[in-house]
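Peer 1: Got a structure for you, questions after.
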Amino acid sequence: MPTIEANYNDLLSLIGKRIPLDVLQEEGILYAKGEIDEIDGETLKIDIKDTNRPDLWSAEGIAREIQGRYGVKRGVPRYDVKKSDLVVNVDKKLKNIRPYTVCAVVKNLNITPDVLSQIIQLQEKVNITFGRNRHEVAIGFYDYSKITSPITFTAVKPDGIKFVPLEFREEMTPAQILKKHPKGKEYAYLLKGLRQYPMFIDAAGEVLSMPPIINSDHTGKITAATKDIFIECSGFNFRFLLPALNVLVAALADRGGTIESVKVAYPDGVRYTPDMSPKRTKVSTDFANKVSGLKLSPKKICGLLEQARYDAKADGKNIRLLYPAYRQDIMHQRDVIEDMIISYGYNNFEPINPKLPPIGSVS
Amino acid sequence: MCILNRSGNYKLTEEGEKYLQEGLPEEKLVKILKKPMGIGEASKRIDNFHIAMSWAKKKGWIRLEKGKLVSVGKPEKSEEGEALRRLSQGKEIGEKTLSTLLRRKLVRKEKSDAFKKASKLVGKEVTNLTPELIKTGLWKDVKLRPYDITVTGGKLYPGKRQPYNRFISQVREKLAQMGFKEMSGPIIESEFWNFDALFQAQDHPSRDWTQTYTLKKPKRGDLPAKKIVDRVGASHENGWKTGSTGWGYKWDPLKAAQLMPRAHGTACSARQLVKGVDIPGKYFAIKRCFRPDVIDATHGVEFNQCEGIIIDESLTFKEMVGVLKMFAVEVAGAEKVRFFPDYYPFTEPSVQLSAKHPEMGWIEFAGAGIFRPEMTHPLGVEHPVLAWGLGIDRLAMFKLGIGDIRYLFSQDIGWLRKQKVTV
């Protein structure tokens with residue numbers, strides 16, 4: 010269960026509505042499947058129960074859910090994506106090393122201390138929990154202004170290149186980083202047995218990072234002065250990489266950034282990422298009522314789901330739905346129905362004792 | 019035939035027994051003296067004539083007149099005859115008569131062990147009022163040492179069950195009373211029952227929902243029937259016939275066969291669904307589970323989970339919150355309850371119940387949810403299954419007044435002795 014920290018006033022400004030702390034604690038935070046565990050001045054420590062909803066692991070994501078339930082916004086949050094000129098070429102050498110990356114550019118950011126701490130926290134939570142401690146998903150943020158397109162995602166021998174890793178002063182080879190850098194030592198096991206290590210290198214020959222270990226100190230560092238960010242997620246499976254990227258991009262866009270896509274050229278085809286267009290699903294009114302025990306009209310269900318940030322349209326007894334691209338947890342109607350129940354309010358259900366056989370036994 | 023007298027036990031002698039049956043010789047003598055009789059004739063008719071004559075004379079019942087014995091008149095009751103009868107019936111007799119009987123050797127003193135024991139104490143100061151002293155009446159002849167009833171006595175430690183073990187039995191009985199049947203399952207479980215059957219994808223973070231141990235030797239166990247295994251695999255890969263998209267990856271039965279110490283009781287529920295369930299049906303299990311952690315006062319690596327399932331045709335989320343509320347009130351004695359959205363990989367919707375206990379305040383008491391169809395359908399159950407788990411260790415710590423979770427499994431005899439039996 011990820012525990013995240015958020016600033017109360019920062020959260021309110023993201024929501025766009027003043028919600029008293031006690032109301033947030035008793036009710037508001039439940040809509041983000043959270044529980045406020047500790048309050049220290051303005052800092053809230055929030056346990057997010059859902060380990061399959063990385064979109065909720067930041068103030069931005071929590072705010073999106075609360076906005077919906079308090080009528081600030083409804084329906085799917087829209088994210089416009091323009092095309093950038095940036096290209097990432099993926100080397101076929103990576104096939105058995107770390108084959109995939111998905112990338113994005115977010116521009117025009119105003120990186121305040123709150124924004125910076127949220128970005129870093131979200132990156133860390135997604136890396137650790139959703140990315141299974143960087144194995145499935147390793148995330149890199151870079152200062153876009155320092156990068157020359159095209160970037161190459163390739164593999165390099167342990168002593169085949171030198172760069173200055175994050176928070177260090179001297180150039181080191183990949184092999185030295187794994188032995189000497191604290192992050193190198195911590196994550197070396199993820200590269201165990203490989204003869205070449207994954208490496209992002211730009212057109213000027215500047216190393217961006219050696220995933221999933223460490224960024225370079227030159228390009229891979231975000232500060233308050235950074236305006237435009239290049240993001241990449243690398244790993245083995247698009248099932249994890251695409252949602253992770255969408256989660257990060259959505260959070261940055263909620264901070265006022267504009268999203269641009271990146272052309273990722275694989276040996277066998279081109280992929281433009283991110284794709285922030287909503288995904289499609291549906292739910293039946295009868296099934297929703299059967300699971301919840303409520304007797305809701307299609308219209309009422311549409312309303313509850315719009316509060317849960319779906320676009321909903323009744324089609325007879327079925328409800329056609331769109332949901333945000335940062336969600337990857339919706340597999341069955343049940344997942345949608347839970348969101349509906351959360352909108353309805355868990356504490357608004359009338360508890361019923363089931364009528365069941367009275368005879369028990371111990372074995 | 020004994021009698022307890024103040025000074026001990028007395029028993030009739032053979033002669034005494036004879037006289038008890040036939041009467042005393044002097045009585046017999048008086049009986050035949052309807053008219054005066056010569057000594058020669060009387061001595062022929064009475065055994066022990068000398069005894070008879072001397073006692074009859076002594077008692078003044080006869081006199082000698084002109085060489086003949088004459089009856090003076092027998093009293094209504096013969097004291098000694100009466101005494102023999104009383105002794106034979108275990109009754110007390112007078113001291114004087116007793117001494118006469120002793121002198122005539124009709125009675126002898128019988129010294130019992132109890133009497134021997136008790137008589138040693140006569141005249142001494144005793145601290146123990148023994149059964150012998152009471153039985154023989156000699157307690158009247160000893161000096162009892164004064165006893166201070168205000169002083170605290172020494173402690174006794176009778177045998178009793180380990181308190182946590184006892185608590186768990188009580189919860190089991192309570193659940194059986196509430197109509198739940200107990201489920202079973204092994205401590206060493208395969209990943210199949212612990213994860214795969216619960217729709218936790220092999221390559222997905224939902225598998226890391228809990229930290230777990232794995233077994234090095236033996237590494238793998240048996241999987242259940244192929245039909246079940248194939249359906250579970252299909253459910254992971256493409257949702258099988260459940261209406262789900264599934265996880266969208268290649269499911270590996272070899273990984274599912276990996277053995278591990280059971281990490282949660284829900285493994286037992288999955289097994290029960292395959293074994294077959296009554297509809298409607300209620301089942302529970304209180305099972306030892308293992309998860310890696312840094313052991314301290316609030317964290318252990320082994321603990322008990324109390325889990326249960328309820329199956330019926332038309333159960334809904336309303337019954338789900340109803341069941342949880344019932345537990346909070348019945349098992350934990352809660353005053354108020356609140357429900358929170360929660361997450362379990364195998365339930366959707368999922369819910370957590372916090373209960374306000376009169377003394378403990380608000381506690382997270384239960385986690386629950388309706389099993390996902392991707393889990394239940396491949397295991398052969400299409401009806402809604404409400405699943406719940408109770409924080410039983412926390413409740414035990416509260417009920418037993420334990421502040422350190424490690425004491426739940428304590429073998430510290432000094433501590434165990436002090437634990438109260440009432441819960």
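Residue numbers (the working numbering), protein chains in the order written: chain A, 10 to 372; chain B, 19 to 441.
Glycine included, each C-beta is placed from N, C-alpha and C at the ideal position.
#1: Is residue 413/B near residue 180/B, with beta carbons less than 8 Å apart?
#2: Check the Cβ-Cβ distances between residue 360/A and every residue of chain B, and say whether any is below 8 Å.
#3: Measure from the C-beta of residue 371/A to each C-beta in chain B and report whether the shortest distance is under 8 Å.
#4: How long is the line joining the alpha carbons of residue 361/B and residue 159/A, rounded to whole angstroms?
#5: For residue 14/A, which residues of its own chain have a beta-carbon under 6 Å away from its beta-carbon, when the five flanking residues on both sides are left out?
#6: Going along the region 336-353 of chain B in order, which residues come within less than 8 Å of chain A, judged by CB to CB distance?
#7: Along chain A, which residues have their Cβ under 7 Å away from the Cβ of residue 262/B?
#8: Output the distance between the C-alpha atoms of residue 293/B and residue 247/B, rounded to the nearest integer angstrom.
#9: When the Cα of residue 128/B is compared with those of 68/B, 29/B, 177/B, which residue comes out closest?
#10: If you reduce the DSSP assignment to three classes, tell me which class residue 238/B lands in.
#11: From which residue to which residue does the alpha helix (DSSP H) around residue 288/B run?
#12: Whose Cβ in chain B lies nearer than 7 Å to the Cβ of residue 346/A?
#13: Using alpha carbons as the reference points, say which of 264/B, 274/B, 438/B lies closest to residue 233/B.
#14: Does residue 366/A come within less than 8 Å of chain B when only Cβ atoms are used?
#15: Taking buried to mean at least 16 other C-beta atoms within 10 Å of its own C-beta, is residue 270/A buried or exposed?
#16: Is the CB-CB distance between residue 217/A and residue 238/A below 8 Å?
#17: Can you pull out the residues from the region 108-121 of chain A whose beta carbon lies closer than 8 Å to at least one beta carbon of chain B?
#18: I'd like to know if residue 158/A contacts chain B, where contact means its C-beta is closer than 8 Å to some C-beta of that chain.
#19: Provide the residue(s) that pair with residue 375/B in DSSP beta bridges, ordered along the chain.
#20: Does residue 209/B pass the burial test, meaning 16 or more other C-beta atoms within 10 Å, or should it be called exposed?
#21: If you follow the beta strand (DSSP E) that residue 162/A is part of, which residue opens it and which one closes it?
#22: Would you identify the three-state DSSP class for residue 325/B, choosing helix, strand or coil?
#23: Return helix, strand or coil for residue 432/B, following the three-state DSSP convention.
#24: How would you list, in chain order, the residues of chain B whose beta-carbon sits under 8 Å from the beta-carbon of residue 302/A?
#25: So within the region 226-255 of chain A, which uninterrupted beta strand (DSSP E) runs reach at least 3 residues, ignoring any that extend past its ends?
#26: For the beta strand (DSSP E) that residue 280/A lies in, which residues bound it at each end?
#27: According to the Cβ coordinates, are residue 308/B and residue 231/B closer than 8 Å?
#28: Evaluate contact between the region 39-59 of chain B and the region 369-386 of chain B, counting only Cβ atoms and requiring at least three cross-stretch pairs below 8 Å.
#29: To the nearest angstrom, report how far apart residue 118/B and residue 102/B are at their CA atoms.
#30: Do residue 104/B and residue 111/B have their CB atoms nearer than 8 Å?
#31: Per DSSP, what are the beta-bridge partners of residue 416/B in this structure?
#32: Do residue 114/A and residue 93/A have their beta-carbon atoms positioned less than 8 Å apart in this structure?
Peer 2: Concretely, from the data shown:
#1: Within the second sequence, numbered from 1, the residue matching residue 413/B stands at position 395. Within the second sequence, numbered from 1, the residue matching residue 180/B stands at position 162. Contact: no.
#2: On the first sequence, residue 360/A is found 351 positions in, with the first residue counted as 1. By this cut-off, residue 360/A is an interface position.
#3: In the first sequence, counting from the first residue as 1, residue 371/A sits at position 362. Cβ-Cβ to chain B under 8 Å: yes for residue 371/A.
#4: Here residue 361/B is taken as the residue at index 343 of the second sequence, counted from 1. Here residue 159/A is taken as the residue at index 150 of the first sequence, counted from 1. Each residue's Cα considered, the two are about 42 Å apart.
#5: Looking up residue 14/A in the first sequence gives position 5. The answer, listed in chain order, is 52, 54.
#6: Of all residues in the region 336-353 of chain B, the ones placed with a Cβ closer than 8 Å to any Cβ belonging to chain A are 336, 337, 339, 340, 341, 342, 343, 344, in chain order.
#7: Looking up residue 262/B in the second sequence gives position 244. By Cβ distance, chain A contributes 340, 341.
#8: Residue numbering aside, residue 293/B sits at position 275 when the second sequence is read from its first letter. Residue numbering aside, residue 247/B sits at position 229 when the second sequence is read from its first letter. Taking the straight line from one Cα to the other gives about 14 Å.
#9: Against the second sequence, residue 128/B aligns to sequence position 110. Residue 29/B is the option with its Cα nearest to residue 128/B.
#10: What you label residue 238/B is simply residue 220 of the second sequence in a count that begins at 1. Correct three-state label for residue 238/B: strand.
#11: The count along the second sequence starts at 1 and reaches residue 288/B at position 270. Its alpha helix (DSSP H) spans residues 284-293.
#12: Position 337 of the first sequence, counted from the start, is the residue given in the question as residue 346/A. Under a criterion of Cβ atoms nearer than 7 Å, the residues of chain B adjacent to residue 346/A are, in order, 367.
#13: Position 215 of the second sequence holds residue 233/B. Put simply, of 264/B, 274/B, 438/B the residue whose alpha carbon is nearest the alpha carbon of residue 233/B is 274/B.
#14: Sequence index remark: in the first sequence, residue 366/A carries index 357 (1-based). Closer than 8 Å: yes.
#15: Residue numbering aside, residue 270/A sits at position 261 when the first sequence is read from its first letter. Label assigned to residue 270/A: buried.
#16: What you label residue 217/A is simply residue 208 of the first sequence in a count that begins at 1. What you label residue 238/A is simply residue 229 of the first sequence in a count that begins at 1. Contact: no.
#17: none
#18: Within the first sequence, residue 158/A is the residue found at index 149, counting from 1. No, residue 158/A lies away from the interface with chain B (no Cβ there is under 8 Å from its Cβ).
#19: Within the second sequence, the letter at position 357 stands for residue 375/B. Paired residue(s): 379/B.
#20: Walking along the second sequence from the start, residue 209/B turns up at place 191. Result: buried.
#21: Here residue 162/A corresponds to residue number 153 of the first sequence, with the count starting at 1. Residue 162/A -> beta strand (DSSP E) spans 160-165.
#22: Here residue 325/B corresponds to residue number 307 of the second sequence, with the count starting at 1. Strand, per DSSP.
#23: In the second sequence, counting from the first residue as 1, residue 432/B sits at position 414. In this structure, residue 432/B counts as helix in the three-state DSSP scheme.
#24: Here the question's residue 302/A lines up with position 293 in the first sequence. Those within 8 Å of residue 302/A in chain B are 334, 335, 336, 337.
#25: 238-244
#26: For this step, residue 280/A is matched to residue 271 along the first sequence. Per DSSP, the unbroken beta strand (DSSP E) holding residue 280/A starts and ends at 278-282.
#27: If you number the second sequence from 1, residue 308/B lands on position 290. If you number the second sequence from 1, residue 231/B lands on position 213. Going by C-beta atoms, residue 308/B is nearer than 8 Å to residue 231/B.
#28: At 8 Å Cβ cutoff, the stretches do not touch.
#29: By one-based count along the second sequence, residue 118/B stands at place 100. By one-based count along the second sequence, residue 102/B stands at place 84. Answer to the nearest angstrom: the Cα atoms are 11 Å apart.
#30: Position 86 of the second sequence holds residue 104/B. Position 93 of the second sequence holds residue 111/B. A contact, by the Cβ cut-off of 8 Å.
#31: Residue 416/B sits at position 398 when you count from the first residue of the second sequence. DSSP lists no partner for residue 416/B.
#32: Locating residue 93/A in the first sequence gives position 84, where the first residue counts as 1. Locating residue 114/A in the first sequence gives position 105, where the first residue counts as 1. Yes, Cβ-Cβ distance for residue 93/A and residue 114/A is below 8 Å.
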